[in-house]
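All the letters of the sequence shown, read from the start, carry residue numbers -17 to -1, 1 to 287 under mature numbering (1 follows the signal peptide of the UniProt record, and there is no 0). We put the CB at the ideal spot given by N, CA and C, even for glycine.
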Amino acid sequence: MLIILNICLQSALWSGAENVLSHELGAVSKVPRPGQEQEGFGELIDPVIRLGTKIALIAVAWGMKYDYFDIGALTAVINIPFAFLLTTFYNISLLTAFAHIAIEVIAIVVPTYLLRPIADVNNPAVPLRNRYLLNSFQVSWSNTALAVGVYATVLYSSLQTNWLTLFLINHFDLPSVELAHDVQAATFVPKLLIAGYATKAFLLDPAIGAQPDTGAATPVGDFEPATATLPQTLKHNFWFFGRRTRTLIQRTAVLSIFLLANTVLKGATLEGSEVIGSAGYASVWIVAANICAWWFVWTGDAEP
């Protein structure tokens, strides 16, 4: 039901948006033209892969018990790289890019809100040990600023060191090579505010909310080396972290996987793009997201 509602709502929103937005994306997208139709099963395989990725995202979110706020933040983060690519290197307007992100987020948030109860960490009525941190304006926006700074620094550094430029110039058909050289770090910040806040909301807030009460027992008391099975031993040796750290690791892994998948699939829709270019571009965002996660391990530590 969630998948069907998501697809139907997304289609309806795009149909409405087409009446308001200009057709900018069509000018840079791969569209069948006379004599240039895809051969074989290309026209069928691409939509199937995109649909499979969408189903995988929804299935993982459902299995991990993400509520509408979690899945909305995750969806925003994984769609920001494509929007950033369009606005920074393809001269696509901010309005069109924002509409793309908004439609993706709304199409998944609304049905999830209707079908999934709100998680305790996102429900102000549920008492949590660290609720005061979740409600703190200073904690929220200082960590958002931290995430924005990390994204901006990594993106700008990757351009200055030619790491990102290598993929953009060699594996994308950019309107102008100058766009990849003349960008400034300061111009990144407004475009990355949503990414910074959504990354904080998806990674840090649940980690803070997952912190156990003071004096709570740790898993070490349940482990007996003499009688433990192999899976129990492996879990004890390689997954022996606190709830806060385990939450950050799990969510960072989910974010990294879908950042790669979504960016590669969306990048493949651009005229002249290659898979290796989209994957290389996605790797920059994955590195930035993981750096944010490592920072949040420290900033989210609420122990005395």
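For residue i: DSSP bridge partner residues
i      : result
Leu253 : Ser12
Reduced DSSP secondary structure (H/G/I, E/B, other) of residue i
i        : result
Arg234   : helix
Val3     : coil
Gly46    : helix
Glu22    : Any reading at Glu22 needs caution, since the residue's pLDDT is 45, under 50, leaving its predicted position unreliable; the model's value is listed next. Reduced to three states, the DSSP call for Glu22 is coil.
Gln167   : coil
Ala271   : helix
Tyr115   : helix
Arg33    : helix
Ser266   : helix
Asn106   : coil
Arg226   : helix
Asn153   : helix
Asn(-12) : helix
Contact under 8 Å by Cβ, residue i with residue j
i           : j        : result
Ala44       : Thr182   : no
Ile179      : Val131   : Ile is not the amino acid found at residue 179; the sequence shown has Gly there. Going by C-beta atoms, Gly179 is nearer than 8 Å to Val131.
Leu186      : Phe279   : yes
Phe150      : Gly263   : yes
Ala78       : Leu(-5)  : The question names Ala, yet the displayed sequence has Leu at residue 78. Contact flag unset, no.
Leu(-9)     : Ala90    : yes
Val122      : Leu116   : yes
Val11       : Thr71    : no
residue 288 : Asn126   : Outside the modelled stretch of the chain, which goes from -17 to 287, sits residue 288, for which no answer is possible.
Pro94       : Asn(-12) : yes
Assigned exposure category for residue i - 16 Cβ within 10 Å defines buried
i        : result
Trp268   : buried
Asp156   : exposed
Ile(-14) : exposed
Phe120   : exposed
Glu254   : exposed
Glu87    : buried
Ala190   : buried
His83    : buried
Leu138   : buried
Ser141   : buried
Val31    : exposed
Asn118   : exposed
Pro110   : exposed
Leu40    : buried
Same chain, Cβ closer than 8 Å to residue i, neighbours up to 5 away in sequence not counted
i           : result
Gln233      : Met47
Leu242      : Val60, Ile61, Pro64, Ala265, Trp268, Ile269, Ala272
Phe81       : Ala66
residue 303 : One cannot answer for residue 303 here, as it falls past the ends of the chain, which runs -17 to 287.
Trp124      : none
Ala199      : Reliability fails at Ala199, whose pLDDT of 46 lies under 50, so the model's placement of it is uncertain and the value that follows must be treated cautiously. Result list for Ala199: empty, nothing under 8 Å.
Own chain partners of residue i with C-beta closer than 6 Å, once the 5 adjacent residues on each side are dropped
i      : result
Val133 : Ala271, Ile274, Cys275
Arg99  : Asp50
Ser159 : none
Leu57  : Phe185
Leu69  : Ile75, Ala80
Leu147 : Ser141, Val267
Heavy atom of the ligand MG within 7 Å of residue i beta-carbon
i      : result
Gln167 : As for the ligand MG, it is missing from this structure, which has no ligand bound.
Own chain, CB closer than 7 Å to residue i, minus 5 neighbours either side, in chain order
i      : result
Ser76  : Glu7
Ser261 : Thr246, Val247, Gly250, Ala251
Thr230 : Pro189, Ala190, Ala193
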